[in-house]
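**Q** In our numbering, the protein residues as written are 3 to 291. We put the CB at the ideal spot given by N, CA and C, even for glycine.
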Amino acid sequence: MKIGFIGAGKVGFTLGKYFRMHGVEVTGYYSRSIQSAKEAADFTQARVFANERDLLSASDALFLTLPDGAIRTCYEKLRSEKIQNKIFCHCSGALTTEAAFPDIEQYGATGFSVHPLFAVSDKYHAYEELADVFFALEGSGEKLAFMETWLRSLDLKVKVIKPETKVKYHCAAALASNYVIALLSLSQKLLMECGFAADEAERALKPLFGGNAGHIMHDGMVAALTGPVERGDLGTIRKHLACLSPSQAKLYSLLAQELLMTAQSKHPARDYSSIKEYIQSADLKGRFA
3 MKIGFIGAGK VGFTLGKYFR MHGVEVTGYY SRSIQSAKEA ADFTQARVFA NERDLLSASD
63 ALFLTLPDGA IRTCYEKLRS EKIQNKIFCH CSGALTTEAA FPDIEQYGAT GFSVHPLFAV
123 SDKYHAYEEL ADVFFALEGS GEKLAFMETW LRSLDLKVKV IKPETKVKYH CAAALASNYV
183 IALLSLSQKL LMECGFAADE AERALKPLFG GNAGHIMHDG MVAALTGPVE RGDLGTIRKH
243 LACLSPSQAK LYSLLAQELL MTAQSKHPAR DYSSIKEYIQ SADLKGRFA
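(1) Out of L97, L256, T151 and G141, which one is the CA nearest neighbour of M3?
(2) Can you give the Cα-Cα distance for F139 and S94, rounded to whole angstroms?
(3) Taking V26 as part of the alpha helix (DSSP H), name the residues at either end of that continuous run.
(4) Where does A175 land, buried or exposed, given buried means 16+ other C-beta within 10 angstroms?
(5) Check each candidate in K19, V13 and A52 and name the one with the smallest Cα separation from Y32.
(6) Measuring alpha carbon to alpha carbon, tell me which residue in S82, F90, V162 and I85 is nearest P118.
(7) L188: which of L207, C91 and M219 sits nearest, CA to CA?
(8) So, helix, strand or coil for G141, using DSSP?
(9) Taking the alpha-carbon positions, what's the G9 to L132 distance?
(10) Is there contact between the segment 95-111 and the segment 71-80, where contact requires at least three CB pairs shorter than 8 Å?
(11) Mark S155 as exposed unless 16 or more other C-beta atoms lie within 10 angstroms of its C-beta, in which case mark it buried.
(12) Just the C-alpha distance for K170 and T98, rounded to the nearest angstrom, thanks.
(13) Leaving out five residues on either side along the sequence, give the residues of the same chain with a beta carbon under 6 Å from the beta carbon of V122.
(14) Measure from the alpha carbon of S115 to the alpha carbon of each residue in P248, V28, P165 and S59, then state which is nearest.
(15) What is the C-beta distance between A203 and Q190, in whole angstroms, given that I count them as a contact (C-beta under 8 Å)?
(16) Tell me where the alpha helix (DSSP H) around I106 begins and ends.
(17) Below 8 Å on the Cβ atoms is my contact criterion, and I expect G113 with F137 to pass it. Report the Cβ-Cβ distance as a whole number of Å.
(18) How is the alpha helix (DSSP H) around H117 delimited, first residue to last?
(19) Going along the chain, which residues of its own chain have a beta-carbon closer than 8 Å to the beta-carbon of S35, five neighbours each way excluded?
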């Protein structure tokens with residue numbers, strides 16, 4: 003299958019290189035930035051295309067590696083071309099295939115959302131990590147099995163999801179990636195209130211965060227859990243909540259409720275009822291008002 007890319011950013015670079023390294027013919031790239039298209043084409047030993055129509059004609063499938071707001075516009079521009087039997091893919095985590103490629107099957111083509119559950123931060127090296135990444139696949143039912151088989155043939159891990167779960171899927175990804183930064187930022191602020199400079203606090207948190215992340219990757223979330231919730235240490239939890247502002251205490255309490263479920267999985271015989279009752283108590287909730 004010949005694959006073309008519209009958009010030459012980090013995702014386009016990464017997928018193009020991975021495909022190329024696994025024997026897929028990458029026809030080339032089109033981008034509003036000719037320099038970006040040239041860099042991506044050089045990186046993947048592909049061609050630069052002057053327009054989307056020529057790239058469409060030369061390819062069996064197009065990956066629209068564009069910002070969410072530009073995907074449908076790009077598709078609708080190409081819809082008037084000969085797209086019969088073509089495959090259109092986008093890599094948005096939140097956008098469904100129907101929203102991106104409305105009525106595509108009426109034009110004899112098929113559409114898919116192919117989203118890597120991965121933060122692509124380095125366009126020149128991220129392809130080396132894709133073998134461990136899950137790809138969420140959603141799209142045209144007629145060729146869904148074909149697309150799943152094709153992706154798996156490239157040694158990719160694939161999970162087919164339903165269109166109605168797409169936003170929840172993306173929310174889960176954002177919590178595990180972007181929102182972790184919010185928690186680390188709050189930790190940094192609390193350390194600064196203890197006398198740390200901002201850069202000192204960040205440096206101090208890196209080995210703590212990195213060590214825990216490594217433990218999670220090696221042993222799993224349940225085994226990696228430590229701390230006062232896991233130990234059933236209500237006294238420390240009370241002190242933590244007392245030192246926080248109302249909004250911070252509310253966040254802490256909500257996270258503690260989630261941690262309780264993980265802690266119970268780790269220690270099925272341990273009694274966590276006192277922590278659960280305290281977190282859900284009316285007195286504590288009054289602090290959040």
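**A** In terms of the structure at hand:
(1) T151
(2) According to the sequence as given, residue 139 is Leu; it is not Phe. Going by the C-alpha atoms only, they are around 11 Å apart.
(3) No alpha helix (DSSP H) holds V26; DSSP gives it neither H nor E.
(4) buried
(5) A52
(6) V162
(7) L207
(8) strand
(9) 19 Å
(10) yes
(11) exposed
(12) 12 Å
(13) K12, V13, T16 and A128
(14) P165
(15) 4 Å
(16) Counting along the chain, I106 falls outside any alpha helix (DSSP H), and DSSP gives it neither H nor E.
(17) Going by Cβ atoms, the distance from G113 to F137 rounds to 16 Å, so no, they are not a contact pair.
(18) Counting along the chain, H117 falls outside any alpha helix (DSSP H), though it belongs to the beta strand (DSSP E) covering T112 to P118.
(19) A10
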